[in-house]
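The structure under discussion appears below in the form of structure tokens.
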Amino acid sequence: MERHLDEELSKLNTNLLKMAALVEEAIHRSIEALKKRDKDLAQKIIDDDQEIDEMEIQIEEEIIDLLALFQPMAGDLRLITTGMHINAELERIADLTVNIAQRVLEVADQPLVMPLVEIPRLANQAKLMVRRAIDAFVNQKEDIAKNVILSDKDSNKLRTVIMKELINDCMVKDGTTAPRAVPLLLVARDLERICDHASSIAEDVIYMIKAKVVKHHRERL
Amino acid sequence: MNTMIKEKKSNQKNVEQEVISAELEENNMKVRVENFNFYYDTTQALKDINLEIKANSVVGIIGPSGCGKSTFLRCFNRMNDTISSIRYEGKIRIDEKNIFDDNLDVVDLRRNVGMVFQKSNPFPKSIFENIAYGLKINGIKDKNFIAQKVEESLKNAALWDEIKDRLHKSAFALSGGQQQRLCIARALAIEPEVLLLDEPASALDPIATAKIEELIHELKKKYTILIVTHNMQQAARVSDYTAFFMLGELIECDETNKIFTNPSKKITEDYVTGRFG
Ligand SMILES: Nc1ncnc2c1ncn2[C@@H]1O[C@H](COP(=O)(O)OP(=O)(O)O)[C@@H](O)[C@H]1O
Ligand SMILES: [Mg+2]
Numbered sequence: 216m217e218r219h220l221d222e223e224l225s226k227l228n229t230n231l232l233k234m235a236a237l238v239e240e241a242i243h244r245s246i247e248a249l250k251k252r253d254k255d256l257a258q259k260i261i262d263d264d265q266e267i268d269e270m271e272i273q274i275e276e277e278i279i280d281l282l283a284l285f286q287p288m289a290g291d292l293r294l295i296t297t298g299m300h301i302n303a304e305l306e307r308i309a310d311l312t313v314n315i316a317q318r319v320l321e322v323a324d325q326p327l328v329m330p331l332v333e334i335p336r337l338a339n340q341a342k343l344m345v346r347r348a349i350d351a352f353v354n355q356k357e358d359i360a361k362n363v364i365l366s367d368k369d370s371n372k373l374r375t376v377i378m379k380e381l382i383n384d385c386m387v388k389d390g391t392t393a394p395r396a397v398p399l400l401l402v403a404r405d406l407e408r409i410c411d412h413a414s415s416i417a418e419d420v421i422y423m424i425k426a427k428v429v430k431h432h433r434e435r436l
Numbered sequence: 000m001n002t003m004i005k006e007k008k009s010n011q012k013n014v015e016q017e018v019i020s021a022e023l024e025e026n027n028m029k030v031r032v033e034n035f036n037f038y039y040d041t042t043q044a045l046k047d048i049n050l051e052i053k054a055n056s057v058v059g060i061i062g063p064s065g066c067g068k069s070t071f072l073r074c075f076n077r078m079n080d081t082i083s084s085i086r087y088e089g090k091i092r093i094d095e096k097n098i099f100d101d102n103l104d105v106v107d108l109r110r111n112v113g114m115v116f117q118k119s120n121p122f123p124k125s126i127f128e129n130i131a132y133g134l135k136i137n138g139i140k141d142k143n144f145i146a147q148k149v150e151e152s153l154k155n156a157a158l159w160d161e162i163k164d165r166l167h168k169s170a171f172a173l174s175g176g177q178q179q180r181l182c183i184a185r186a187l188a189i190e191p192e193v194l195l196l197d198e199p200a201s202a203l204d205p206i207a208t209a210k211i212e213e214l215i216h217e218l219k220k221k222y223t224i225l226i227v228t229h230n231m232q233q234a235a236r237v238s239d240y241t242a243f244f245m246l247g248e249l250i251e252c253d254e255t256n257k258i259f260t261n262p263s264k265k266i267t268e269d270y271v272t273g274r275f276g
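Chains as they are written, first to last, in the working numbering: chain C, 216 to 436; chain D, 0 to 276.
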């Protein structure tokens, strides 16, 4: 039986997908801006973030309406509360892309402190993790969510590699590189945080599907 | 045993009375339904029900119309006995006693197991007399004691403050919600231990409903409560455990939050998410 609630839930899915697409695009553009040291693109990311903020508010209002009007239970309840969490996580990811864009503005006028190899790789990893976490949500795929969570340690490793490079190969050798190296350190940290948010979305997806809390309990995966 | 109410395997062997008593006491089980079947003539209305209820808990009974909720509730004070051609098998134990034992006094049972119905049914008497009546037919004559008990019951039913100045007015002058609380007060006056509520708020507006729900929350400190409700949100709000019935079978009984966030059976999920059609 198709319920009125199902219609509303599919609207919620569509809106979250739209939001996720914007967020993925923001991750992509923030790294493009860094690679090309494109200040206009960086500024555009900062300006466009408002659209994502508004979308977050709109989705949150819709979710609160769903809770109040339908008083969902069981699987519906888990889906809606997961949607609420994903909405908030996506917005935070977008904020991190704004951070990255601000770092781009800081370094854009100076030569790069080192060739960008690992940072774009980490950025790709972040984008992929977000996309897969959302895919797991929309298609209710536990195995995809699990893989997202497990791949988070690769992103931690990558970030450590980047940091060591920036500290040991640049800042330790030549202290004057710090103003150009520190922003990149922060970019790596922000990208790694994006991966954490993706992982957190995936944890919620597992809760939604299996009603099992894996947050802080990786052994339950 | 961790879960305080447990659906028991129907093939579980009957154990000796003493063992049961010891276990009941140990787990603080007030009620235990064992392999219970109920028939109206040839139609079976309840099928092999097994359920344990902890003292001072509220059990919400949910399920589609006609699934046997009211029938089940009416077994606990043997209200069904008034219907001819009914038949039952199995046991319902309250404390350790099987309520269908030949030597059980049904009047005692009904004193111990109070019941409130969907439609409030005050007697055509004053508010005071509505409550005093039950005491009087139970042989109580002391006027001071009766007056004290009336006040106490009305207070316990959260009605006293609203009606203390018109105790001798007709009960029919009260609002629906007040009448329902009067019926609860009447049930409480004879000091039952188990309280049966059959859709007690289904005819009430939201404010009166909220008052009844608050009251149930208070009452469970003293009583063990079984409440049938059509309103799933109400079951979620007031009950510690929720039992889902379907076509005379107890499909699932578990902690209320479990039933409403992650029921074990698909059919329960379908029911609580409104997928029945
Ligand atoms: N007095 C009765 N005589 C015969 N059948 C009855 C009687 N009361 C209820 N039933 C039948 O027993 C089944 C369960 O009814 P009931 O306990 O009232 O369900 P519920 O309270 O869940 O709506 C229904 O099929 C109903 O028609
Ligand atoms: Mg009924």
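Heads up, the beta-carbon is just placed ideally off N, CA and C, and yes, glycines get one too. Since we're looking at a predicted model, the values are computed, not measured.
Original post:
Are the C-beta of C:A289 and some C-beta of chain D separated by less than 8 Å?
Top reply: yes
**OP:** For C:A426, return the contacting residues in chain D, with the cut-off set at a CB-CB distance below 7 Å.
**Re:** T260, N261
Original post:
In chain C, which residues lie less than 9 Å from D:G89 when you measure between Cβ atoms?
Top reply: Per Cβ cutoff of 9 Å: no residues; D:G89 is ~30 Å from chain C at best.
Subject >> Through-space distance from C:R433 to D:Q232, alpha-carbon basis >> reply: Spanning the two alpha carbons is a distance of roughly 33 Å.
Original post:
What are the boundary residues of the alpha helix (DSSP H) that includes C:V313?
Top reply: 289–322
Original post:
By how many angstroms is the C-alpha of D:K154 removed from the C-alpha of D:N137?
Top reply: Per the coordinates, the alpha-carbon of D:N137 lies some 21 Å from the alpha-carbon of D:K154.
Subject >> Rounded Cβ spacing between D:A188 and D:L181 (contact assumed at less than 8 Å) >> reply: About 10 Å separates the Cβ atoms of D:A188 and D:L181, ruling out a contact at the 8 Å cut-off.
Original post:
Are any of the Cβ atoms in chain C nearer than 8 Å to that of D:T272?
Top reply: Yes, its Cβ sits closer than 8 Å to a Cβ of chain C.
Original post:
Is C:L292 close to chain D, meaning its C-beta is less than 8 Å from at least one C-beta of that chain?
Top reply: yes
**OP:** Determine the direct distance from the alpha carbon of D:A131 to that of D:A146, and round the result to whole angstroms.
**Re:** 8 Å
Original post:
Of the choices C:N371, C:L401, C:K372, C:L227, whose alpha-carbon is the least far from that of C:L294?
Top reply: The shortest Cα separation from C:L294 among C:N371, C:L401, C:K372, C:L227 belongs to C:L227.
Subject >> Run of the alpha helix (DSSP H) containing D:F259, from where it starts to where it stops >> reply: Where D:F259 is concerned, the enclosing alpha helix (DSSP H) starts and stops at 255–260.
Original post:
When DSSP labels each residue in this structure, what does D:T228 get in the three-state scheme?
Top reply: coil
Subject >> Cβ-Cβ distance between D:R73 and D:E51 below 8 Å >> reply: no
Subject >> Every unbroken alpha helix (DSSP H) within the region 328–366 of chain C, with a cutoff of 4 residues, ordered by chain >> reply: 333–354
Subject >> Coarse secondary structure for D:K90, derived from DSSP in three states >> reply: strand
**OP:** Give the straight-line distance between the Cα atoms of D:K219 and D:S201, rounded to the nearest whole angstrom.
**Re:** 20 Å
Original post:
Using a Cβ-Cβ distance under 8 Å, would D:E268 count as near chain C?
Top reply: yes
Original post:
Per DSSP, D:N97 forms a beta bridge with which residues?
Top reply: D:R92
Subject >> Member of C:L292, C:H219, C:N371, C:V420 whose CA lies at the smallest distance from the CA of C:I349 >> reply: C:V420
Subject >> Min CB distance D:Q179 to chain C below 8 Å >> reply: no
Original post:
C:D264: which of C:L232, C:I242, C:I279 sits nearest, CA to CA?
Top reply: Taking only the C-alpha atoms, the option nearest C:D264 is C:I242.
Subject >> CA nearest to the CA of D:F37, picked from D:R274, D:L249, D:T272, D:V57 >> reply: D:L249
Original post:
Quick one, which of D:Q179, D:I206, D:P123 has its alpha-carbon nearest D:K168's?
Top reply: D:P123
Original post:
Which residues in the same chain as D:L195 place their Cβ atom closer than 6 Å to its Cβ, once the five residues preceding and following it in sequence are excluded?
Top reply: L72, F75, M114, L225
Original post:
How far does the beta strand (DSSP E) with D:F127 in it reach, from first residue to last?
Top reply: Element bounds for D:F127: not the beta strand (DSSP E) but the alpha helix (DSSP H), 126–136.
Original post:
Given a limit of 9 Å on CB to CB distance, which residues of the region 229–243 of chain D reach chain C?
Top reply: Residues passing the 9 Å Cβ filter: M231, Q232, A235.
**OP:** Measuring only between beta-carbons, confirm whether C:Q286 sits less than 8 Å from chain D.
**Re:** yes
Subject >> Length of the line joining the Cα atoms of C:E333 and C:N339 >> reply: 10 Å
**OP:** Output yes if chain D places a C-beta closer than 8 Å to the C-beta of C:R218; else output no.
**Re:** At least one beta carbon of chain D lies nearer than 8 Å to the beta carbon of C:R218.
Subject >> CB of D:E268 within 8 Å of CB of C:A289, strictly >> reply: yes
**OP:** Output yes or no for whether 8 Å exceeds the beta carbon distance between C:V387 and C:I308.
**Re:** no
Subject >> D:T241: CB within 7 Å of a non-hydrogen atom of ligand 1 >> reply: no
Original post:
For the alpha helix (DSSP H) that contains D:N278, what are its first and last residues?
Top reply: Given a span of 0 to 276 for chain D in the structure shown, any question on residue 278 of chain D remains unanswerable.
Original post:
Just checking, does the region 205–222 of chain D make contact with the region 42–62 of chain D on the three C-beta pairs under 8 Å criterion?
Top reply: yes
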